[in-house]
Each structure stands twice: as C-alpha cells, then as structure tokens.
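Novice:
Residue numbers (the UniProt record's numbering): 1 to 568.
1) Is the number of C-beta pairs between the region 518-527 and the region 314-331 that are closer than 8 Å three or more?
2) When you compare only the Cα positions, how much space is there between residue 493 and residue 385?
3) How big is the Cα-Cα spacing for residue 499 and residue 250?
4) Mapping the DSSP letters down to three states, classify residue 437 as helix, strand or coil.
5) What is the rounded straight-line gap between the Cα of residue 473 and the Cα of residue 555?
6) Examine the Cβ distances between the region 532-541 and the region 106-116 and report whether three or more of them are shorter than 8 Å.
7) To which residues of the same chain is residue 321 closer than 8 Å at the C-beta, ignoring the five residues directly before and after it?
8) Can you grab the Cα-Cα spacing for the pair residue 339 / residue 312, in whole Å?
9) Quick check on residue 200: does DSSP put it in helix, strand or coil?
10) Tell me whether residue 83 sits in a helix, a strand or coil according to DSSP, three-state version.
11) What are the partner residues of residue 325, as DSSP defines its beta bridges?
12) Is it right to say residue 586 is buried, meaning 16 or more other beta carbons lie within 10 angstroms of its own, or is it exposed?
13) Just to confirm, are residue 182 and residue 222 a CB contact at a threshold of 8 Å?
14) Go ahead and pull the three-state DSSP assignment for residue 257.
15) Provide the residue span of the alpha helix (DSSP H) that contains residue 489, from first to last.
16) On a Cα-Cα basis, can you pick out the residue from 426, 497 and 214 that is closest to residue 187?
17) Relative to the C-alpha of residue 178, which residue among 158, 162 and 199 is closest?
18) Identify which residue in 205, 324 and 131 has its Cα closest to the Cα of residue 173.
19) Which stretch, first to last residue, makes up the beta strand (DSSP E) that contains residue 339?
20) If you follow the alpha helix (DSSP H) that residue 189 is in, where does it begin and where does it stop?
21) Near residue 510, what residues of its chain come up, given a Cβ to Cβ distance below 6 Å and the 5 sequence neighbours on each side ignored?
22) Based on DSSP bridge pairs, tell me the residues matched to residue 75.
23) What separation, rounded to the nearest whole angstrom, lies between the Cα atoms of residue 637 and residue 133?
24) Taking the Cβ atom as the reference point for each residue, do residue 121 and residue 160 lie within a distance shorter than 8 Å?
25) Is it the case that the Cβ atoms of residue 411 and residue 445 are separated by a distance below 8 Å?
26) Specify whether the region 206-225 and the region 236-248 touch according to this definition: at least 3 beta carbon pairs, one from each stretch, less than 8 Å apart.
27) Considering residue 570, what are the terminal residues of the alpha helix (DSSP H) in which it resides?
28) Can you say whether residue 429 is buried or exposed, counting buried as having 16 or more other CB atoms within 10 angstroms of its CB?
29) Starting from the C-beta of residue 236, find all residues in its chain whose C-beta is less than 8 Å away, skip the five residues before and the five after it, and write them out in chain order.
30) Quick one: what does DSSP say residue 563 is sitting in, helix, strand or coil?
31) Are residue 559 and residue 435 close, meaning C-beta to C-beta below 8 Å?
32) Would you identify the three-state DSSP class for residue 372, choosing helix, strand or coil?
33) Could you check the C-alpha separation between residue 549 and residue 239 for me, to the nearest Å?
34) Can you grab the Cα-Cα spacing for the pair residue 83 / residue 127, in whole Å?
35) Leaving out five residues on either side along the sequence, give the residues of the same chain with a beta carbon under 7 Å from the beta carbon of residue 273.
36) Pick out whichever of 123, 108, 488 and 206 has its Cα sitting closest to the Cα of residue 192.
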C-alpha cells in the first residue's frame with residue numbers, strides 16, 4: 001500500500017497539470033479564464049457554464065469547431081513541412097555521397113551538370129517556396145547565408161532555364177545515353193544525383209523552346225518513362241504525353257518543310273540548335289513513347305574539312321571534335337612534331353618551352369608548363385570577385401557587345417598595372433610569340449560552369465564589317481588594329497569536355513593546366529585566316545578556367561613581316 005500511495009502521489013501532479021493546461025487552452029479561446037486566485041477567493045459566477053446543459057452544449061459545439069479548425073491547421077502545417085522534408089531529402093543525397101560537408105569535394109557538385117542543375121532548382125524553386133510558406137523561420141540567419149553569395153545573386157527561375165538549356169546542350173553535343181545521363185552517370189562519372197520525370201519534362205520544354213525538336217522528343221520520352229516508374233509522383237504521364245505529341249508534330253512539320261525547301265537535300269540551317277533546330281532523318285512514328293526505338297539524327301555521311309566545307313559540316317565537325325575524334329588525315333598527323341623551343345631568347349635557352357604542333361599551315365601550337373600552380377591559384381583568386389557574364393562582339397566591333405547563348409561563361413579583365421603576375425604573363429607572351437605587346441588587349445580571365453561553351457567563331461574584330469559599321473568604331477580602338485593572334489592559357493584540367501576545337505582544320509585539344517594554345521588570326525598578307533574558325537566545347541564534368549591574351553596588329557611590321565603571297 002505504501003508503494004501504491006507513493007505512485008499516487010507521483011502521478012497526481014502530472015494529471016492535474018495536464019488538466020490545467022488543457023483548460024487554459026480552451027478557456028483562453030472562449031475568453032473565460034479566471035485566475036487561480038479568483039477561483040479560490042470568489043464564489044461560482046452566476047453565469048457559470050458547467051451547471052447548465054444548454055451552455056455545455058454550446059461549449060461542445062465550440063470545441064468541435066475548434067478541433068476542425070486545428071485539423072485543417074495541422075494539415076496545412078504538414079503540407080508546409082512536407083516541402084521542407086522534400087528539400088532535405090534531396091539535399092541529404094549529397095551528404096550520402098560525402099560531398100556536402102567537405103570543402104575538398106565541392107568540385108564534385110559544381111563540376112557535375114546534374115548536381116548543378118538540381119542545386120539551382122533547389123534555390124529557384126524549393127527554397128523559394130519554403131521561404132514564402134514559412135515566414136516564422138529565422139530570417140536573420142537565412143539572410144546572412146544568402147548574403148554570402150549576394151555578389152553573384154541567388155539563383156532564380158531564369159537561372160533554372162539556363163541550367164536546363166545547358167543540360168540539353170551537354171546531352172546533344174556529346175550524344176550521351178539519356179537514361180544513363182538522367183540517372184547521374186555523366187560520361188563515366190557516376191553519382192547519386194538524378195533527374196525526376198518533372199525535371200526531364202522541364203528540360204524537354206526548354207529544348208523545344210530553343211527549336212531542338214528532335215532532342216525535345218527524347219527528353220519527353222524519358223520523362224514519360226520516369227513518370228511510370230515514379231507512379232506519377234512528380235508529373236502525370238498523361239501530361240507528359242501531351243508535350244510529346246506537341247514535339248512530334250513540330251518535328252515532323254519542320255522535316256516536311258525542309259524537304260520541300262531543299263528538294264530532299266540537307267539544309268544546314270536546320271541542324272544547329274542555335275539556328276532553328278535539328279531533326280531526325282525520318283518522321284517520328286506515332287507510337288506511345290514507351291515503344292520508341294533509337295533514331296538517327298540528320299548528319300553528313302562523311303566529314304569534310306577546309307574552306308570548301310561550310311555550315312552543316314562546320315557544325316558536325318564541331319560536335320565530333322568535342323567528342324574526342326580527330327579528323328586530320330594520318331599523313332598530316334605524321335608530319336607533326338614535339339620539340340623544345342628557345343626562340344633564341346636567353347630566358348628560353350635556360351628553360352626551353354615544351355612545344356607540340358597540332359596543325360601546320362596554319363600553325364596551331366600547344367605550349368606546355370608555362371604557369372605554376374601558385375600563379376594559377378593567384379589568378380583565379382584575383383578574377384573571381386569581378387566575374388561577369390561573357391558577351392560576344394556585335395556588328396560594330398569590339399565596343400558593341402551583347403550576351404548570347406552562343407557563349408556561356410563569365411570573365412573579367414586585368415591590365416599589367418593591376419597585378420605583377422599579369423604583367424609577367426604579358427612579357428612571357430612576347431617572348432613565346434616574338435610579337436610586340438604594344439596595343440595588346442588586357443588579359444581576359446574566363447570561367448566556364450555548367451555546360452559552359454563558346455560556339456564556333458573567329459577572334460577578329462573588324463573583318464566582315466561594313467564601312468558604316470567601322471565608321472562607328474572609336475578611333476582609339478581602330479588605332480591598334482585587329483587581333484592578329486591569340487594565346488589562350490589553360491588554368492585547369494577538365495575531367496570531361498571543354499576542348500578547344502577547329503572545325504575547318506579537323507583538330508582539337510583538351511585543356512592542360514599550366515599550358516596554352518597559340519594561333520594567328522590574320523595571315524601575313526593581311527587577310528583573315530578563315531581556317532582558324534574555333535570553338536570551346538561544353539564543359540561536362542569539372543570546371544574550366546582560361547586566360548586569353550589577344551595581340552593586335554599595331555607595331556608588328558618588324559616582328560611579323562608582311563607577305564604578298566596569297567597563301568600566306
């Protein structure tokens with residue numbers, strides 16, 4: 001009995017406190033809350049509730065309404081919490097890979113296109129929805145974290161659209177297996193990152209909007225497949241089917257238009273995704289997406305290099321060179337050499353430059369081991385705070401530029417007076433090339449992220465411009481002449497992608513940290529060297545940093561003598 005008494009004493013306060021707590025909640029809602037002192041000192045009020053069944057009936061109805069309200073409240077809270085849990089589940093996949101909390105492996109995130117797309121999506125969609133749904137969150141903490149990246153802006157919907165187009169570009173350029181790609185296997189680099197059916201639908205819509213109708217069909221088919229596996233968790237298969245039918249109709253209509261316009265012959269304007277889309281060889285059969293077979297994209301049966309090959313061939317050469325195929329003949333390859341170059345300069349006599357020929361006439365030269373790791377890290381740290389979206393040159397020369405999907409990277413510019421390493425590099429370029437740096441442009445640092453690329457282009461500024469356009473170019477810009485040569489430093493290795501390719505020459509080279517590639521943009525006779533059309537392939541895995549030094553024609557008269565030979 002003593003034990004029972006002891007237990008009774010232990011439990012009574014808990015029961016009482018629970019009752020009091022519940023009573024306080026209810027009477028607080030009903031605004032009928034006398035204090036404990038009032039209960040002890042005063043007689044029961046004349047309008048008490050407990051002594052009247054009619055009044056208790058009202059209490060019952062009030063509690064029922066309150067309970068119903070709280071049920072809805074709990075449902076709303078659970079819905080909001082589900083958003084948070086969904087975000088955390090997505091983020092925890094990074095923790096499972098051991099990369100989220102380890103600075104050593106940050107490159108695994110920003111260097112993986114699937115991870116990067118998902119990270120941008122989490123900011124632009126998931127976290128945005130959470131912040132709007134949970135005003136009670138500690139905004140001071142969140143704002144402090146956001147402030148850490150304020151200089152580069154928090155990812156928004158426009159960033160998500162750009163990331164989606166970059167995914168589409170990577171898949172198209174390298175012709176990757178789409179199922180492997182969406183499962184996180186990026187060109188031999190597996191990860192736990194993967195795309196949902198809704199993600200694939202979004203990339204498909206982006207591809208469609210950019211005229212990539214054939215690839216849009218593929219993305220919608222992958223979305224349809226994943227929606228079935230997910231049991232329509234992220235998007236319903238019927239919704240995907242509507243988009244698929246839309247893309248199929250657009251593709252087949254465009255294919256018919258091309259056949260009518262070209263009498264069945266290939267039309268280069270339909271191939272490039274930047275010029276209106278690309279197509280399969282045949283119309284897409286009207287079968288459900290799950291039954292689709294592998295199709296063949298329009299492409300030339302054999303590759304063509306040189307000036308006689310235009311448009312379509314340049315586009316196709318760009319893609320196959322990006323994938324690692326060399327188009328140079330065995331005979332031409334056999335004549336290329338590697339050697340140590342001194343340029344008869346005392347500095348290089350002591351430390352000759354490792355030189356590799358990529359092409360002859362015109363010469364494309366690869367130079368090795370020019371910069372140390374310390375210099376490279378210094379340059380990257382110097383450039384990072386001032387990076388801004390790269391632009392392309394407009395019709396009126398270097399002073400008219402605009403942002404375009406033709407070039408996706410960020411850059412910053414530095415004069416010799418800005419930093420001693422930059423000044424040292426300018427002197428190095430002068431020794432390596434034998435050219436005058438009088439009038440040379442500032443050093444341009446460029447950083448390529450998700451799918452970062454620069455489509456095939458020439459570096460010259462003024463060739464092909466009309467007299468009216470040249471008349472608008474500032475005199476100080478014209479005074480230094482055009483870009484006679486380019487030397488591009490590679491500041492990083494790139495695990496996959498990121499090559500520099502020359503479609504008309506059929507050669508390309510992968511980034512090699514500390515090295516550089518050099519070529520002339522203008523012949524000795526003053527004409528543009530049209531064979532050095534070149535492009536930067538999309539980065540697939542890793543990050544790419546380069547530094548460009550463009551050398552102008554001013555004061556080269558004694559450094560690179562003119563020639564009357566049309567071939568030079």
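Beta carbons are placed, not taken as given, at the ideal position from N, Cα and C, and that holds for glycine.
Specialist: Straight from the coordinates:
1) No, because fewer than three Cβ pairs between the region 518-527 and the region 314-331 fall closer than 8 Å, the two stretches do not touch.
2) Numbered from its first residue, the chain shown carries residue 493 at position 493. Numbered from its first residue, the chain shown carries residue 385 at position 385. Computed Cα separation, rounded: 22 Å.
3) Position 499 of the chain shown, counted from the start, is the residue given in the question as residue 499. Position 250 of the chain shown, counted from the start, is the residue given in the question as residue 250. Distance between the alpha carbons of residue 499 and residue 250: 33 Å.
4) Sequence index remark: in the chain shown, residue 437 carries index 437 (1-based). Under the three-state reduction of DSSP output, residue 437 falls in the coil class, being neither helix nor strand.
5) Here the question's residue 473 lines up with position 473 in the chain shown. Here the question's residue 555 lines up with position 555 in the chain shown. Cα to Cα, the separation comes out at about 20 Å.
6) Result yes; three or more Cβ-Cβ pairs closer than 8 Å.
7) The residue labelled residue 321 in the question sits at position 321 within the chain shown. So the qualifying residues of the chain are 327, 499, 501, 502, 503, 506, 507, 508 and 537.
8) Within the chain shown, residue 339 is the residue found at index 339, counting from 1. Within the chain shown, residue 312 is the residue found at index 312, counting from 1. Here the C-alpha atom of residue 339 lies approximately 36 Å from the C-alpha atom of residue 312.
9) Here residue 200 refers to the residue found at position 200 when the chain shown is read from its first residue. Residue 200 falls in the helix class under three-state DSSP.
10) If you number the chain shown from 1, residue 83 lands on position 83. Helix.
11) Against the chain shown, residue 325 aligns to sequence position 325. Assignment of beta-bridge partners to residue 325 by DSSP yields no partner.
12) Summary: the structure shown does not reach residue 586, with the chain confined to residues 1 through 568, and so no result is reported for it.
13) The residue labelled residue 182 in the question sits at position 182 within the chain shown. The residue labelled residue 222 in the question sits at position 222 within the chain shown. A distance below 8 Å separates the beta carbons of residue 182 and residue 222.
14) Sequence index remark: in the chain shown, residue 257 carries index 257 (1-based). In the three-state reduction of the DSSP assignment, residue 257 falls in the helix class, which pools H, G and I.
15) Position 489 of the chain shown holds residue 489. Membership of residue 489 in any alpha helix (DSSP H) is not indicated; the residue belongs instead to the beta strand (DSSP E) covering 483-490.
16) By 1-based counting over the chain shown, the position of residue 187 is 187. Measuring from the Cα of residue 187, the nearest candidate turns out to be 497.
17) The count along the chain shown starts at 1 and reaches residue 178 at position 178. Just measuring C-alpha positions, the residue of 158, 162 and 199 sitting nearest residue 178 is 199.
18) If you number the chain shown from 1, residue 173 lands on position 173. Just measuring C-alpha positions, the residue of 205, 324 and 131 sitting nearest residue 173 is 324.
19) Translated into positions along the chain shown, residue 339 becomes position 339. Run containing residue 339: 338-341, per the beta strand (DSSP E) assignment.
20) Your numbering for residue 189 matches position 189 in the chain shown. In the DSSP annotation of this structure, residue 189 is not part of any alpha helix (DSSP H), being labelled neither H nor E.
21) One-based indexing of the chain shown puts residue 510 at position 510. 499, listed in sequence order.
22) Numbered from its first residue, the chain shown carries residue 75 at position 75. Answer is none; residue 75 lacks a bridge partner.
23) Past the boundaries of the shown model lies residue 637; the chain is included only from 1 to 568, so the question cannot be answered.
24) Within the chain shown, numbered from 1, the residue matching residue 121 stands at position 121. Within the chain shown, numbered from 1, the residue matching residue 160 stands at position 160. Cβ distance < 8 Å, so residue 121 and residue 160 count as in contact.
25) Working through the chain shown from its first residue, we reach residue 411 at position 411. Working through the chain shown from its first residue, we reach residue 445 at position 445. Going by C-beta atoms, residue 411 is nearer than 8 Å to residue 445.
26) Between the region 206-225 and the region 236-248, the count of Cβ pairs shorter than 8 Å is three or higher; the stretches touch.
27) Any property of residue 570 remains undetermined from this structure, which presents the chain solely from 1 to 568.
28) Walking along the chain shown from the start, residue 429 turns up at place 429. Label assigned to residue 429: buried.
29) Mapped onto the chain shown, residue 236 falls at position 236. Excluding positions up to five away in sequence, the list reads 227.
30) Mapped onto the chain shown, residue 563 falls at position 563. Assigned with DSSP and collapsed to three states, residue 563 falls in coil, not helix or strand.
31) Walking along the chain shown from the start, residue 559 turns up at place 559. Walking along the chain shown from the start, residue 435 turns up at place 435. Yes. Within cutoff.
32) Taking the chain shown and counting its residues from 1, the one referred to as residue 372 is at position 372. The three-state secondary structure of residue 372, taken from DSSP, is coil.
33) In the chain shown, residue 549 corresponds to position 549, counting from 1. In the chain shown, residue 239 corresponds to position 239, counting from 1. Near 50 Å, if we compare the C-alpha coordinates of residue 239 and residue 549.
34) Translated into positions along the chain shown, residue 83 becomes position 83. Translated into positions along the chain shown, residue 127 becomes position 127. Answer to the nearest angstrom: the Cα atoms are 9 Å apart.
35) Reading the chain shown from its first residue, position 273 is the one you call residue 273. With a pLDDT of 36 at residue 273, under the threshold of 50, the modelled position of this residue cannot be trusted; read the value that follows with caution. Closer than 7 Å at the Cβ level, and outside the excluded window around residue 273, lie 172, 210, 211 and 212.
36) Counting from 1 along the chain shown, the entry for residue 192 is found at position 192. The residue with the shortest Cα to Cα distance from residue 192 is 108.
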